[in-house]
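Comments concern the structure below.
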Amino acid sequence: MKTLNAVIAISILVVSSFAMAEGGGDRVYGRMMQENQQAMEQYALKNSKAIPEIVHYEYGMNLDVQKVVSVTQANKSCDVAPSRMTYEDSAGKLNTLEYIVMGTKCQHGG
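Counted the way mature numbering (1 follows the signal peptide of the UniProt record, and there is no 0) counts, the sequence shown spans residues -21 to -1, 1 to 89.
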């Protein structure tokens, strides 16, 4: 009986975590990131460049940005969300940087 209760509890946790991951905001950001990746792959092929790998920003990274190719749409809530910027460096190589940004629709008290 304890094993059955444990299995049921674990099942409920797993299902609820999938439900949270599939929330509206997560789906929107996931779709936005996927569309950005596809657009950057097409841009790379069209311009005879290697498809950029996605690098996750770390504080203090030395960036060599010569030309910004694409930036994902700003977060239209007050949540922290992922964003991507694809750019060409001084050697002409495409780079995609993923980072976290604060939403633009925050109300500040005052």
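Virtual Cβ for every residue (Gly too), placed ideally from N, Cα, C.
Predicted model, so just to flag it, every value in this text is computed and none were measured.
Discussion item. Along the chain, where does the beta strand (DSSP E) containing T75 start, and where does it finish?
Written reply: 73 to 81
Worksheet item: Just how far apart, CA to CA, sit A(-1) and G82?
Response: Here A(-1) scores only 44 on pLDDT, less than 50, and its place in the model is too uncertain to base an answer on.
Practice prompt. Specify the secondary structure class of A23 as computed by DSSP and reduced to three states.
Written response: helix
Discussion item. Less than 8 Å between the beta carbons of Y8 and A53, yes or no?
Written reply: Not a contact, by the Cβ cut-off of 8 Å.
Discussion item. Bridge partners for A60 per DSSP, in chain order?
Written reply: V80
Discussion item. Please report the straight-line C-alpha distance between N26 and S62, rounded to a whole angstrom.
Written reply: 23 Å
Worksheet item: In terms of residues, what are the limits of the beta strand (DSSP E) holding S49?
Response: 46 to 50
Worksheet entry | Chain-order list of residues whose beta-carbon lies under 6 Å from that of K28 (same chain, five-residue window excluded) | Excluding sequence positions up to five before and after K28, its CB lies within less than 6 Å of the CB of L73, all in the same chain and listed in chain order.
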